[in-house]
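In what follows, a structure is listed as C-alpha cells, so that the remarks can point back to it.
There are 2 protein chains.
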Amino acid sequence: MEYSEKQIAIINAAEKLFAIKGFDGASVRDIAHEADINVAMISYYFGSKEKLMEAVFDARSQHIRLKIENLLADDKLSHIGKVNVLIDDYVDKFIHQQEFHRIMMREQMIEKDTPIAGLIHDLKKRNLESIRRLIEEGQKQGAFKKNIDIVLMMTTLVGTVSQMITAQHFYKKMNNLEHMEEVEFQKLMRKRLSIHLKNLFKQSLSNEQ
Amino acid sequence: MEYSEKQIAIINAAEKLFAIKGFDGASVRDIAHEADINVAMISYYFGSKEKLMEAVFDARSQHIRLKIENLLADDKLSHIGKVNVLIDDYVDKFIHQQEFHRIMMREQMIEKDTPIAGLIHDLKKRNLESIRRLIEEGQKQGAFKKNIDIVLMMTTLVGTVSQMITAQHFYKKMNNLEHMEEVEFQKLMRKRLSIHLKNLFKQSLSNEQ
DNA sequence: AAAAACTAATTAAACGTTTGTTTAGTTTTA
DNA sequence: TAAAACTAAACAAACGTTTAATTAGTTTTT
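Protein chains in written order, with my numbering: chain A, 1 to 209; chain B, 210 to 418.
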C-alpha cells in the first residue's frame, strides 16, 4: 500500500501511542491530536481504529524480515559467522524499530485470532526458518552440535532483546548510565546485546570452544 | 492485607482478565461478570479500578520473590549449583504465576510513574541483587569468570522465560505438540526451560568447561 | 473561456455505546 | 437494630464512528 502524507502522519502517531499506551489505552482522539488532524480523518482514511492498527503493521512489517538470501550462499563466512550476521541484523532491526516491536509484543500477549496475530505468527515463522536453515547447515557439516532446540534458542534471542528494550530504563539505572545521551546509550545497548548474544549462541551451538 | 472470599474472587477475575486483555481492555463489568458479583462491589471493596490493580499486585507479588536466604550459606552446593537452584526457582514461579507475570510484562511497557511501576522496579532490583550476590561470591573464589554483565544475564533469564510464556502457542506449533495435554506441556516447558537456561548460565559464568 | 458539475479533503458537531463510578435503596448478618 | 453486604439504576465522561456542511481543486459542458 502507498500512503499519502496525511496518512503517514496518522500511522506515525498511531505507532507511537499504541507502543506507549497500548491499543485500548490510546484513543483515536489522542492519535488525531498527535498527528495534528481531525478525528474523522482516521475513519475517513482507514475505516476504523482496528484497520488503522492493520495499516501500522502493513507499513512497518516489511522492514523487519531478516536477510537470509545472500547469507546461505556466502562462502567467505564461517557457519558461526553467518549466525553472527543474523544476530546483528535482528538486534539492529529491533532497536531501530522499537516502537513497532513494542506493539508486536503487546499484540502477541492477547489470546485472540485477529488478522494481526496471523501476521505476527507468519513473521516469526519466517525468521525462525532463517535461523533453522543456518543452524542445520552448520550441523550437517559438523561445525555445530546436534540436539539443539532451535525454537528455544530463538526464544532466547527474541526474549533477551525484547526484555532489554522494555526494561532499558532499569538497565540504565543499574549501571549508573542515566547521565548518558540517548543516542549514545542506544549504541551501547546495541553493542552489548550483540556481543552478549553472539557469545551465548557460540557457546550453545559450536563444537569447538 | 487480608481479603474476604468475595474480594479474592474479584482479584482472581481481575488477574485473569488483566492478563488476557490488558488493564484498559478489561472493563469493570467484564471483571464483575467473571467474578459473578455486582459491578458496584468493585468500587465498594477496592475504591477504583486502579486500586483493584494494586490489590492484585499486593496479593500476588509476595509469592514471587526469589529465595536467596539459605542459599548463600549452603556449603553443600557448588557455586554453579546455587545459580541452578535460583534458575529453577525463577522458572517455577514464572510458570505457576503466568497470569500475574503477563500483567507485570504489560505494566513494564507503559512509560508512566505509577505506584505499580515502582513495585515492579523494587521487585526486579531485589531479584537482581540475589543473583548478583551469588555470582560475585563465585567470582571471588575463582569459580566464575570476571567481567560478567550481570544485568544482561538477568535480562536473558527474564526475557527467555517471558518470551516462552507469551509465545508458548508458537512453541507448541513449531514442535508439533498441539495434541499434548495442557498440564503435560507445562511440565515439558518447565523442564526444557530449566535445562536450557542452566546451560546458558554455566557456559557464560563458569571458568571450567 | 466561462459556467456548471463533480470529486476529494476537511471540519465541527452529533450519534449511540460503553466506560468507571456513585447513589439510594434493600437485604443479610451479627 | 445497627452495621455490613449487596443491588439496580443512574451518572457524567469518554469512547469510536457517522453525519452534514464547507472548501478547494479538477473536469466536463456549453
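The beta-carbon is built from N, C-alpha and C at its ideal position, and this holds for glycine as well.
Quiz item: Count the other CB atoms within 10 Å of the CB of B:A228; is the residue buried (16 or more) or exposed (fewer)?
Solution: Here residue 228 of chain B refers to the residue found at position 19 of the second sequence. That one is buried.
Self-check item: Limits of the unbroken alpha helix (DSSP H) element including B:L406
Solution: Reading the second sequence from its first residue, position 197 is the one you call residue 406 of chain B. Where B:L406 is concerned, the enclosing alpha helix (DSSP H) stretches over E391 to L414.
Self-check item: Near-chain B residues of the region 108-136 of chain A (beta-carbon distance less than 8 Å), N- to C-terminal order
Solution: Q108, M109, I110, E111, H121, K124, K125 and L128
Quiz item: To the nearest angstrom, how far is it from the Cα of B:G234 to the Cα of A:D89?
Solution: The residue given as residue 234 of chain B occupies position 25 in the second sequence. The residue given as residue 89 of chain A occupies position 89 in the first sequence. Rounded to the nearest angstrom, the two C-alpha atoms are 34 Å apart.
Quiz item: Is there at least one Cβ from chain B nearer than 8 Å to A:Y171's Cβ?
Solution: Position 171 of the first sequence holds residue 171 of chain A. A:Y171 counts as touching chain B.
Quiz prompt | Neighbour list for B:M389 in chain A, Cβ cutoff strictly below 8 Å | solution = Along the second sequence, read from residue 1 onward, the residue named residue 389 of chain B stands at position 180. Simply none; closest approach about 15 Å.
Quiz item: In angstroms, rounded to a whole number, what distance separates the CA positions of A:I87 and B:D239?
Solution: For the purposes of this step, residue 87 of chain A is taken as the residue at position 87 of the first sequence. For the purposes of this step, residue 239 of chain B is taken as the residue at position 30 of the second sequence. Going from the Cα of A:I87 to the Cα of B:D239 covers about 42 Å.
Practice problem: Give every residue of the same chain whose Cβ lies closer than 7 Å to the Cβ of B:M373, excluding the five residues on either side of it in the sequence, and list them in chain order. | Solution: Here residue 373 of chain B refers to the residue found at position 164 of the second sequence. Only Y380, M398 and L402 meet the Cβ criterion.
Quiz prompt | 8 Å Cβ cutoff, B:M373 in contact with chain A | solution = By one-based count along the second sequence, residue 373 of chain B stands at place 164. Interface residue, yes.
Quiz item: Do you know how far the Cα of B:Q395 is from the Cα of B:N408?
Solution: Taking the second sequence and counting its residues from 1, the one referred to as residue 408 of chain B is at position 199. Taking the second sequence and counting its residues from 1, the one referred to as residue 395 of chain B is at position 186. Straight-line Cα distance between these residues: approximately 20 Å.
Self-check item: Element boundaries [alpha helix (DSSP H), containing A:H96]
Solution: Numbered from 1 along the first sequence, position 96 holds the residue referred to as residue 96 of chain A. Here the alpha helix (DSSP H) through A:H96 covers H79 to H96.
Exercise. Starting from the C-beta of B:T375, find all residues in its chain whose C-beta is less than 8 Å away, skip the five residues before and the five after it, and write them out in chain order.
Key: For the purposes of this step, residue 375 of chain B is taken as the residue at position 166 of the second sequence. These residues qualify, in order along the chain: R311 and M314.
Practice problem: Please classify A:F57: does DSSP put it in a helix, a strand, or coil? | Solution: In the first sequence, residue 57 of chain A corresponds to position 57, counting from 1. Helix at A:F57.
Practice problem: List in chain order: all unbroken alpha helix (DSSP H) runs of 4+ residues lying wholly within the region 104-142 of chain A. | Solution: 115-140
Quiz item: The alpha helix (DSSP H) with A:E178 in it runs from where to where?
Solution: On the first sequence, residue 178 of chain A is found 178 positions in, with the first residue counted as 1. Here A:E178 belongs to no alpha helix (DSSP H), and DSSP marks it neither H nor E.
Practice problem: Could you check what DSSP says for B:F309 in three-state terms: helix, strand or coil? | Solution: Locating residue 309 of chain B in the second sequence gives position 100, where the first residue counts as 1. Of the three classes helix, strand and coil, the one that applies to B:F309 here is helix, per DSSP.
Quiz item: Of all the options A:M174, A:Q168 and A:T160, which has the alpha carbon lying nearest to the alpha carbon of A:F201?
Solution: Taking the first sequence and counting its residues from 1, one reaches residue 201 of chain A at position 201. If we check each option's Cα against that of A:F201, A:T160 comes out closest.
Quiz item: Counting Cβ pairs closer than 8 Å, one from the region 151-158 of chain A and one from the region 212-224 of chain B, do we hit at least three?
Solution: no
Quiz item: At a cut-off of 7 Å, is A:E137 close to the ligand ATP when judged by its beta-carbon and the heavy atoms of the ligand?
Solution: Among the components modelled here there is no ligand, and therefore nothing to report on the ligand ATP.
Exercise. Determine the contact status of A:E99 and A:K191, defining contact as a CB-CB distance below 8 Å.
Key: Indexing the first sequence from 1 puts residue 99 of chain A at position 99. Indexing the first sequence from 1 puts residue 191 of chain A at position 191. Not a contact, by the Cβ cut-off of 8 Å.
Practice problem: Please list the partners that B:N384 has in chain A, where partner means a Cβ-to-Cβ separation under 7 Å. | Solution: One-based indexing of the second sequence puts residue 384 of chain B at position 175. Neighbours of B:N384 on chain A, chain order: V151.
Practice problem: Return the first residue and the last residue of the alpha helix (DSSP H) that A:F18 is part of. | Solution: Residue numbering aside, residue 18 of chain A sits at position 18 when the first sequence is read from its first letter. Looking at the DSSP string, the run of the alpha helix (DSSP H) that includes A:F18 is E5 to K21.
Self-check item: Interface flag, A:N38 vs chain B, CB-CB below 8 Å
Solution: Mapped onto the first sequence, residue 38 of chain A falls at position 38. So no, A:N38 is outside the interface.
Exercise. Assign A:M1 to one of two classes, buried (16 or more other C-beta atoms within 10 Å of its C-beta) or exposed (fewer than that).
Key: For the purposes of this step, residue 1 of chain A is taken as residue 1 along the first sequence, with counting starting at 1. Looking at its Cβ environment, which holds fewer than 16 other Cβ atoms inside 10 Å, A:M1 is exposed.
Exercise. Check whether the Cβ atoms of B:V292 and B:L414 sit closer than 8 Å, and answer yes or no.
Key: For the purposes of this step, residue 292 of chain B is taken as residue 83 along the second sequence, with counting starting at 1. For the purposes of this step, residue 414 of chain B is taken as residue 205 along the second sequence, with counting starting at 1. It is a contact, given that the beta carbons lie within the stated cut-off.
Quiz item: Can you find a CB in chain A that lies within less than 8 Å of the CB of B:N408?
Solution: Numbered from 1 along the second sequence, position 199 holds the residue referred to as residue 408 of chain B. Yes, B:N408 lies at the interface with chain A (some Cβ there is under 8 Å from its Cβ).
Quiz item: Along chain B, in chain order, which residues have C-beta atoms closer than 9 Å to that of A:R190?
Solution: Reading the first sequence from its first residue, position 190 is the one you call residue 190 of chain A. The premise fails here: A:R190 is roughly 13 Å from chain B at the closest Cβ pair, so nothing lies under 9 Å.
Quiz item: What are the start and end residues of the alpha helix (DSSP H) that includes B:D239?
Solution: By one-based count along the second sequence, residue 239 of chain B stands at place 30. It spans V237 to A244 - the alpha helix (DSSP H) in which B:D239 sits, taken as one unbroken run.
Quiz item: Distance, Cα to Cα, A:V56 vs A:N12?
Solution: For this step, residue 56 of chain A is matched to residue 56 along the first sequence. For this step, residue 12 of chain A is matched to residue 12 along the first sequence. When rounded, the distance between both Cα atoms is 8 Å.
Quiz item: Taking the C-alpha atoms as reference points, what is the distance between B:Q306 and A:A40?
Solution: By one-based count along the second sequence, residue 306 of chain B stands at place 97. By one-based count along the first sequence, residue 40 of chain A stands at place 40. Rounded to whole angstroms, B:Q306 to A:A40 spans 42 Å at the Cα level.
Practice problem: Could you name the residues of the same chain whose beta carbon sits closer than 7 Å to that of B:F303, not counting the 5 residues immediately before and after it, in chain order? | Solution: As a working note, residue 303 of chain B is residue 94 in the second sequence. The residues are H310, V370 and I374.
Quiz item: Which residues in the same chain have their Cβ closer than 7 Å to the Cβ of B:K354, if we skip the five residues on either side of it in sequence?
Solution: Locating residue 354 of chain B in the second sequence gives position 145, where the first residue counts as 1. Result list for B:K354: L414 and N416, in chain order.
Practice problem: Please say whether B:H288 and B:E346 have beta carbons closer to each other than 8 Å? | Solution: As a first step, residue 346 of chain B must be located in the second sequence, where it is residue number 137. As a first step, residue 288 of chain B must be located in the second sequence, where it is residue number 79. Going by C-beta atoms, B:E346 is nearer than 8 Å to B:H288.
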